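> What follows is a single structure, and I will ask about it in a moment.
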Amino acid sequence: AAARGALAIANIFLLSALIDLAKEAAGCPSDDRKAMEWISCSETVYGFKPTSLATGIASTSSLVVAFLLPIIGATIDHTNYRWTIGTWTAVLLFAVNLFQCFISLKLWL
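Numbered by the working numbering, the letters in the sequence shown go through residues 52 to 160 in order.
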């Protein structure tokens, strides 16, 4: 349970960083005092408005999880790969969170 909390905090930080980078890349005002201007900004980055990036990420990840979870769950329940899958999942989560440490404008563009 403690690991889920740390993962949630890391994802919240990543999401706010991605929204800030998307605002800057789209040319929207990035000053927080001009929030109404960047909310109404109609410029897009990779086909998304910067303000709808969070919902796009959440929708995509929910669909991927909905399709993969039964397959992964059946593999874990009915094969001897339980510890192998758990180990590789932990390594993958660590690598993704390590990658998040290096999010910057140069990486975005």
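Glycine residues also receive a C-beta, built at the ideal position from the N, C-alpha and C atoms. Because the structure is a prediction, the values reported are computed rather than measured.
#1: Could you tell me which residues DSSP pairs with Phe-99 in its beta bridges?
#2: For the region 89-105 against the region 70-79, are there 3 or more C-beta pairs whose distance is under 8 Å?
#3: Decide yes or no for the touch test of the region 103-114 against the region 125-135: beta carbon pairs closer than 8 Å, at least 3 of them.
#4: Just the C-alpha distance for Cys-92 and Cys-79, rounded to the nearest angstrom, thanks.
#5: Using a 10 Å radius around the Cβ and a threshold of 16 neighbouring Cβ atoms, would you call Trp-109 buried or exposed?
According to the structure shown:
#1: In DSSP, Phe-99 forms a bridge with Val-96.
#2: Contact between the region 89-105 and the region 70-79 is present, because at least three Cβ pairs lie under 8 Å.
#3: The region 103-114 makes no contact with the region 125-135, as fewer than three CB pairs between them are under 8 Å.
#4: If I take the Cα positions, the gap works out to 6 Å.
#5: The sequence as given places Ala at residue 109; Trp does not occur at that position. Sixteen is the threshold: since fewer than 16 other Cβ atoms of the shown chains lie within 10 Å of the Cβ of Ala-109, the residue is exposed.
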